[in-house]
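Residue numbers (the numbering used here), protein chains in the order written: chain A, 1 to 293; chain B, 1001 to 1311; chain C, 2001 to 2514.
Note that the Cβ used here is the ideal one computed from N, Cα and C, for glycine as well.
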Amino acid sequence: MIKSKQDKRFEVFASVVMVIVMFIIIFPFVLLFISSITEEKTLLINGYSIFPEKLSLAAYEYIWNSRDVIFRAYATTVGVTVIGTTLHVLLVALVAYPLSLRRLPGKSVFNFLLLFTILFNGGLVPTYMIYTTVFHIKDTYFALLVPNLLFSSFNAIIVRTYLRTNVPSELYESAKIDGASEFRIFREIALPLGKPIFVTVAVFAGLNYWNDWTNGLYYVSDSAKYSIQQMLNVMVKNIQYLTQFGRAPTSGSIPSVGLRMAIAFVAMLPILIIYPFLTKYFEKGITLGSVKG
Amino acid sequence: MTRQKKPLRLRAQRFKNYLPLYLMMLPAFIYLFINNYLPLSGLVLAFKHYTVQGGIWGSENVGFQNFMFLFQNKDTALILRNTLGYNLLFMVVNMVLGVTLAILITEIGNQRLRKLAQSSMLIPFVVSIIIVSYMVRAFLDPQAGLLNTLLKAMGKNPISWYDTSGPWPYILTFVNAWKGVGYGCILYISSIMGIDPTLYEAARLSGASKLQTIRYITLPFLKPTVITLLLLNLGRIFNSDFGLFFQVPQNSGLIMDVTQTLDTFIYRGLISLPNIGMTAAASLLQSCIGFMLVIAFNALTRKMSRENAIF
Amino acid sequence: MKKLLSLLLVAVLLLGLVAGCSNSSQNDTANNDSQGTTNDSDTQNDTNSEEPYQVNMVITLPATAPDAAAIERVTAAINEITLPALNMTLSLEVVPYSMYLEQIPLRLSSGSDMDIFTAFSALGPSWINAGYIIDMNDYLDEYGPDIIDTYASEDLARVCSMDGFLYGLPVHKEIAQQPTIFFRTDILEKHNIDVSNIKTLADVDALFEEVSKLEPDMWMLAADNTAQGKTIVADFLGTTTASTCVLNPESSTEVVNLIASDEFYEWCDYNHKWFEKGWINPGAASDTESYYTYIASGQAFAFFSDYGHPLSESDQEANCSGTDLTMVQMGEPYCNTGTSAVFCYCIGAGSKDPAKAMQMLNLIMTSPEIMNLLNWGEEGVDYVVNEDGLLDFPEGVDESNVGYHLNAGWILPNQFMCTPWCTSEPDIYEQIQAYNETAVVSKSLGFVFDPAAVADEVTAVTNVRSKYYKALIVGAVDPDEYIPMYLEEMEAAGHQKIIDEIQRQLDEFLANKA
Chain A
1 MIKSKQDKRF EVFASVVMVI VMFIIIFPFV LLFISSITEE KTLLINGYSI
51 FPEKLSLAAY EYIWNSRDVI FRAYATTVGV TVIGTTLHVL LVALVAYPLS
101 LRRLPGKSVF NFLLLFTILF NGGLVPTYMI YTTVFHIKDT YFALLVPNLL
151 FSSFNAIIVR TYLRTNVPSE LYESAKIDGA SEFRIFREIA LPLGKPIFVT
201 VAVFAGLNYW NDWTNGLYYV SDSAKYSIQQ MLNVMVKNIQ YLTQFGRAPT
251 SGSIPSVGLR MAIAFVAMLP ILIIYPFLTK YFEKGITLGS VKG
Chain B
1001 MTRQKKPLRL RAQRFKNYLP LYLMMLPAFI YLFINNYLPL SGLVLAFKHY
1051 TVQGGIWGSE NVGFQNFMFL FQNKDTALIL RNTLGYNLLF MVVNMVLGVT
1101 LAILITEIGN QRLRKLAQSS MLIPFVVSII IVSYMVRAFL DPQAGLLNTL
1151 LKAMGKNPIS WYDTSGPWPY ILTFVNAWKG VGYGCILYIS SIMGIDPTLY
1201 EAARLSGASK LQTIRYITLP FLKPTVITLL LLNLGRIFNS DFGLFFQVPQ
1251 NSGLIMDVTQ TLDTFIYRGL ISLPNIGMTA AASLLQSCIG FMLVIAFNAL
1301 TRKMSRENAI F
Chain C
2001 MKKLLSLLLV AVLLLGLVAG CSNSSQNDTA NNDSQGTTND SDTQNDTNSE
2051 EPYQVNMVIT LPATAPDAAA IERVTAAINE ITLPALNMTL SLEVVPYSMY
2101 LEQIPLRLSS GSDMDIFTAF SALGPSWINA GYIIDMNDYL DEYGPDIIDT
2151 YASEDLARVC SMDGFLYGLP VHKEIAQQPT IFFRTDILEK HNIDVSNIKT
2201 LADVDALFEE VSKLEPDMWM LAADNTAQGK TIVADFLGTT TASTCVLNPE
2251 SSTEVVNLIA SDEFYEWCDY NHKWFEKGWI NPGAASDTES YYTYIASGQA
2301 FAFFSDYGHP LSESDQEANC SGTDLTMVQM GEPYCNTGTS AVFCYCIGAG
2351 SKDPAKAMQM LNLIMTSPEI MNLLNWGEEG VDYVVNEDGL LDFPEGVDES
2401 NVGYHLNAGW ILPNQFMCTP WCTSEPDIYE QIQAYNETAV VSKSLGFVFD
2451 PAAVADEVTA VTNVRSKYYK ALIVGAVDPD EYIPMYLEEM EAAGHQKIID
2501 EIQRQLDEFL ANKA
């Protein structure tokens, strides 16, 4: 394809604009990181800056010194993310496969029941009652795990759509003729052929588990079971209460600005590191999420 | 299910065939029943004066009193304006930005730059809103923030950002776009990639300019995607991202007339006076209106282009 | 289609019930079933001689809690005392401040079986109306007779009462607040400044004028946007609007609008002047940064406080990461319902046996052993007694690696039972008690406003407040312009109706008392 002059000009224009956009996207991350290694006094007096006068690793030293606590929170987050994601994908796969079959009677009722949960919810108090008085998940790892198991029924719809459009129904039919059971068809046809979409859903679920802080806020008070996001939240809010009541039980319990920035950075670091490997799954998930159902 | 009265043999047989499939769906639906459907009973609290002793069912019925509170409140108009206004604004802004950026990205000639641009679009999407609020603070902090440092360097008076309502509609729209535009953008990119290249080729041969091809080929092809995204957002038009409207403005009072939405209003009401009935009333309203909107727009879409409807 | 739907619902419902049942039966054995009916608790009472009752206690702290193992170790030690004494065990849980407002109301609203828990006293009235907590009057005299004796007066013990409903027992600590200002000692010494005569805002203003010339880059004041003007002596009568109060409460009982008062104007005016001159941290109105940070970092020179009690200076120094501070008391200590009970201990409405909860509280508040365990942990493990009879860390243990060390007597039921830590003076608790006796007592002590009748107005006024209040008290805006706007909006929100209602209740309270 020969490019016209006009096309070339447009390409250059597009490249320049996108470089600027990328800068806007990345800049806040850089600022966050720099402020985490800025010396506290410099930060308070000179303000946030990309080129601070004085650098200091005090915040990271502090994190390293309290690594027990922070690594435990990390371990909790990682554990919950891995288990939660696995269970989520399993649940989604199991419900999406039958729904992807055009022959299933009552399909639209089930579809409706799924979609309904996206729009209606009973509110926090009743949900809390059920989880604490019937299931007693308070202060257990289940509290971080269970409320998000099907955090978005929408994922089931995405998977259903993918399976319907990407797995030829002849495959199922011939398997049926061979006498394969539904479970076997699921395991040997739907699961392998749907792998891309399952990975995508897993990536979204993992992200959701990793960034979740609300369940901890409502259900967990045992500091040993904090996730990394909850720890971040607890630290910042403790400062607000402290100023209100004017007492600190132990000195030095106020984390500095730099420390908070450092922990924020540490909390998102793993995601940023694996992000390049996940991009294509994100993209796939988003794309599939909005194709017709 | 076995209680079905007139089980034709055929029907029973058919059901038996499908039993394994129903069993597969069982775990998810049991979970949804517990996690989503059982708590729905809490919606009756919208019509009750809730007390612990009475519980959900035993508390006193008060009819529509909880709703009356919502409508009598003189801030309600403001809150609705903000909730609806921001949602509509966000939809339009994110759509226009998303489509524009998607077109620009697909036009980049350098493959590596294009890849890079495409994958950086989603980075903000993976960060939690708490961390985003930290970043915003780094820019807007009245004392140490980057923006005020710049203003001072330019010889202008620093602005007390968290007390000045004027800029906040822009700030919130910007933050929301920064975090969310990548999502739609990726979607539009994939739609553009799906367009048959021979169409462009033909357009070029008949002497169409770049802008013309965008206007007459790309945009019409993006229409279905745009509709689907709008549809998805419309259902949540009475909901707002609590983190965006509460954490990002740091619960600051003077800017509340431009940051207060239904969700933050409910939260603040719950904290200052525990009124579970009122919360239930507000969230019931939110759900009902959202539900009706989705049904209505889905029906409309179905009429216009069947394949774009969600269900 | 419809038929199928209903069938499905029935099926799912049944399954759900099965799941629910199996779970609750599991928990019966764990003695955790919260759905106990009256019959159940009767049978439980019968078997009490064998089965000890477990009291669930929740305390809150502005720090992360010790880990579960340490708490378990300490409660095991506490149970060695409570089991023989009461045939009860204690189950202790620590909820950090940061999650208090999310977790505790949720728990209370779901009827969870919290027996004893720390409460911010100001929240009590709305919790009474929501039925979250029980009236302790029904149990105090019979099951907690020793508790009342731990307070200086019966009035102080029953201060958390609303319309005869006793919702909490206040934590033992200083009962008074006092207009106070703290200065960085290093700056005072550097310029040889005497601050002992600072009594009014005008004095402070003159001082700032002087110091700002000597330290032009420094903020004179690190402002606090969360409280009221710290030099204003007012009795807020248990309200949360921050605008309804009695001024000069030792002699007056007239409820007024604080925002319209000269005292409030004076505070805002001075602060605004300071703010304009750049003497206050410019972000104060919306700052979520602790103002202590600015003192600790050397960026600010002074801050106001309402804590002027004997422990205050060392407390604040600790808050400012050990910065040496000079405290100056600008007024007399004053005592009212709010100051004498910032925190209290309540019994939740979900408690299965409030009488037993009260007995446990009675034991805790009068037992030095239990209070030491709660505050300092186990002897020999978390602390040792030194030669002066004070407590210290054991060999090789310090703040960073100690297992259990709350050091938060001010939020525990009765710190006066504890042995002081070696870093404070040996008679510190006596000092506080002596300080309490010097306080000027409000005529309305013991009155707590019941907002139920004007709930909508209170919500509306609170919303108006969050718009103006912070900016005014840190001086970020001009009071001449903003106070009239604030007043106008308050009026529109029904503020006068609240004032009238408070006055009515207060008059009734005073008549009953007389």
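> For C/Trp2279, which of helix, strand or coil comes out of DSSP?
Replying inline: The residue you call residue 2279 of chain C lines up with position 279 of the third sequence. In this structure, C/Trp2279 counts as coil in the three-state DSSP scheme.
>> At the 8 angstroms Cβ level, is A/Met22 part of the contact set with chain B, yes or no?
In response: Counting from one through the first sequence, the residue named residue 22 of chain A turns up at place 22. For A/Met22, the answer is yes, since a Cβ of chain B falls inside 8 angstroms of its Cβ.
> Mind checking B/Met1024: buried by the 16 CB within 10 Å criterion, or exposed?
Replying inline: To locate residue 1024 of chain B, count along the second sequence from 1; it is residue 24. Buried, by the Cβ-count rule.
> Closest Cβ-Cβ distance between A/Ile45 and chain C: below 8 angstroms?
Replying inline: Along the first sequence, read from residue 1 onward, the residue named residue 45 of chain A stands at position 45. Chain C contact via Cβ: present.
> Closest Cβ-Cβ distance between A/Ala58 and chain B: below 8 angstroms?
Replying inline: Within the first sequence, numbered from 1, the residue matching residue 58 of chain A stands at position 58. Taking Cβ atoms only, chain B never reaches closer than 8 angstroms to A/Ala58, which makes this a no.
>> Do A/Glu39 and A/Ser66 count as a contact pair if the criterion is CB distance below 8 angstroms?
In response: Position 66 of the first sequence, counted from the first residue, corresponds to residue 66 of chain A. Position 39 of the first sequence, counted from the first residue, corresponds to residue 39 of chain A. No; because the gap between Cβ atoms is not below 8 angstroms, this pair is not in contact.
> How close, in whole Å, do the beta carbons of C/Pro2413 and C/Leu2361 come, if the pair is a contact with beta carbons under 8 angstroms?
Replying inline: Within the third sequence, residue 2413 of chain C is the residue found at index 413, counting from 1. Within the third sequence, residue 2361 of chain C is the residue found at index 361, counting from 1. Indeed they touch by this definition, with Cβ atoms about 7 angstroms apart.
>> Determine whether the beta carbon atoms of C/Thr2518 and C/Tyr2345 lie at a separation below 8 angstroms.
In response: For chain C, the structure presents residues 2001 to 2514; residue 2518 of chain C sits outside this window and is missing.
>> So, at 8 angstroms on beta carbons, what are the nonlocal neighbours of A/Leu115 in its own chain, with the 5 sequence-adjacent residues on each side left out?
In response: As a position in the first sequence, residue 115 of chain A is number 115, starting the count at 1. Taken in chain order, the residues that qualify are Ser153 and Ile157.
> Under the rule that 16 or more other beta-carbon atoms within 10 Å means buried, what is B/Asp1039, buried or exposed?
Replying inline: Here residue 1039 of chain B corresponds to residue number 39 of the second sequence, with the count starting at 1. First, the amino acid is wrong: residue 1039 of chain B is Pro here, not Asp. Buried, since its Cβ has 16 or more Cβ neighbours within 10 Å.
> Between C/Ile2428 and the rest of its own chain, which residues show a CB-CB distance below 8 angstroms, the 5 nearest in sequence each way excluded?
Replying inline: The sequence position of residue 2428 of chain C within the third sequence is 428, counting from 1. Pro2310, Leu2311 and Pro2420, listed in sequence order.
> Residues of chain A with CB under 9 angstroms from B/Val1092, in chain order?
Replying inline: Against the second sequence, residue 1092 of chain B aligns to sequence position 92. The contacting residues do not exist; B/Val1092 stays about 18 angstroms from chain A at best.
> Is it a yes or a no for the stretch 2477 to 2484 of chain C touching the stretch 2258 to 2272 of chain C, going by three-plus beta-carbon pairs under 8 angstroms?
Replying inline: yes
> What are the uninterrupted segments assigned as alpha helix (DSSP H) that are 4 or more residues long and contained completely in the stretch 2341 to 2394 of chain C, given in chain order?
Replying inline: 2354 to 2366 and 2368 to 2376
> Applying the criterion that 16 or more other CB atoms from any shown protein chain within 10 Å of the CB defines a buried residue, is C/Ser2475 buried or exposed?
Replying inline: Working through the third sequence from its first residue, we reach residue 2475 of chain C at position 475. The displayed chain sequence assigns Gly, not Ser, to residue 2475 of chain C. Buried, by the Cβ-count rule.
>> Helix, strand or coil for C/Gln2178? Go by DSSP, reduced to three states.
In response: Locating residue 2178 of chain C in the third sequence gives position 178, where the first residue counts as 1. Of the three classes helix, strand and coil, the one that applies to C/Gln2178 here is coil, per DSSP.
> Tell me which same chain residues have a C-beta within less than 6 angstroms of the C-beta of B/Asn1066, skipping the five on either side of it?
Replying inline: The residue you call residue 1066 of chain B lines up with position 66 of the second sequence. So the list reads Ala1046, Gly1277, Met1278 and Ala1281, once near-sequence residues are dropped.
> Does the beta carbon of A/Ala267 sit closer than 8 angstroms to a beta carbon anywhere in chain D?
Replying inline: Among the chains of the structure shown, chain D does not appear; the protein chains present are A, B and C.
>> Taking 8 angstroms as the cut-off, does the stretch 2124 to 2133 of chain C touch the stretch 2151 to 2169 of chain C (at least 3 CB pairs, one atom from each stretch)?
In response: yes
> From the beta carbon of A/Phe10, is the nearest beta carbon of chain B less than 8 angstroms away?
Replying inline: Your numbering for residue 10 of chain A matches position 10 in the first sequence. Yes, A/Phe10 lies at the interface with chain B (some Cβ there is under 8 angstroms from its Cβ).
>> The beta strand (DSSP E) that contains C/Leu2061, what's its start and end?
In response: Residue 2061 of chain C sits at position 61 when you count from the first residue of the third sequence. Here the beta strand (DSSP E) through C/Leu2061 covers Tyr2053 to Leu2061.
> Using the beta-carbon count (16 or more within 10 Å), is A/Pro28 buried or exposed?
Replying inline: For the purposes of this step, residue 28 of chain A is taken as residue 28 along the first sequence, with counting starting at 1. By the 10 Å Cβ count, A/Pro28 comes out buried.
>> Can you check whether the C-beta of A/Met261 is within less than 8 angstroms of a C-beta belonging to chain B?
In response: For the purposes of this step, residue 261 of chain A is taken as the residue at position 261 of the first sequence. For A/Met261, the answer is yes, since a Cβ of chain B falls inside 8 angstroms of its Cβ.
> Which residues, in chain order, does the stretch 172 to 189 of chain A contribute to contact with chain B at a C-beta distance below 8 angstroms?
Replying inline: Ser181, Glu182, Phe183 and Phe186
>> 8 angstroms is my cut-off, CB to CB: does A/Val296 come that close to chain B?
In response: The structure shown has nothing for residue 296 of chain A, since chain A only spans 1 to 293.
>> Runs of 4 residues minimum, wholly inside the stretch 1093 to 1151 of chain B: which ones carry the alpha helix (DSSP H) assignment?
In response: 1111 to 1120 and 1129 to 1140
>> If we require 4 or more residues per run, which alpha helix (DSSP H) segments fall completely within the stretch 142 to 226 of chain A?
In response: 142 to 145, 154 to 166, 169 to 177, 182 to 185, 195 to 211 and 214 to 219
>> Would C/Asn2463 pass as an interface residue toward chain B - the criterion being a Cβ-Cβ separation below 8 angstroms?
In response: One-based indexing of the third sequence puts residue 2463 of chain C at position 463. Yes, its Cβ sits closer than 8 angstroms to a Cβ of chain B.
> What does B/Ile1276 touch in chain C if you count any residue whose Cβ is under 8 angstroms from its own?
Replying inline: Taking the second sequence and counting its residues from 1, the one referred to as residue 1276 of chain B is at position 276. What B/Ile1276 touches in chain C: Ser2109 and Ala2130.
>> When you compare the CB of B/Thr1135 with every CB in chain A, is at least one pair closer than 8 angstroms?
In response: The residue labelled residue 1135 of chain B in the question sits at position 135 within the second sequence. Residue identity check: residue 1135 of chain B is Met in the sequence provided, not Thr. Judged by the 8 angstroms Cβ criterion, B/Met1135 is in contact with chain A.
> When the cut-off is 8 angstroms and only beta carbons count, does A/Phe33 lie next to chain B?
Replying inline: Sequence index remark: in the first sequence, residue 33 of chain A carries index 33 (1-based). It does not; no Cβ of chain B falls within 8 angstroms.
> So A/Ser35 is in the alpha helix (DSSP H); what residue range does that whole segment cover?
Replying inline: Within the first sequence, the letter at position 35 stands for residue 35 of chain A. From DSSP, the alpha helix (DSSP H) with A/Ser35 extends over Lys5 to Ser36.
> Hey, is the stretch 1100 to 1110 of chain B in contact with the stretch 1187 to 1207 of chain B, meaning 3+ C-beta pairs nearer than 8 angstroms?
Replying inline: yes
> Roughly how many whole angstroms lie between the Cα atoms of C/Asn2192 and C/Ser2297?
Replying inline: As a first step, residue 2192 of chain C must be located in the third sequence, where it is residue number 192. As a first step, residue 2297 of chain C must be located in the third sequence, where it is residue number 297. Cα-Cα distance, rounded: 21 angstroms.
> Are B/Ile1079 and B/Leu1262 close, meaning C-beta to C-beta below 8 angstroms?
Replying inline: Residue numbering aside, residue 1079 of chain B sits at position 79 when the second sequence is read from its first letter. Residue numbering aside, residue 1262 of chain B sits at position 262 when the second sequence is read from its first letter. Contact flag set, yes.
> For the stretch 2454 to 2469 of chain C against the stretch 2231 to 2238 of chain C, are there 3 or more C-beta pairs whose distance is under 8 angstroms?
Replying inline: no
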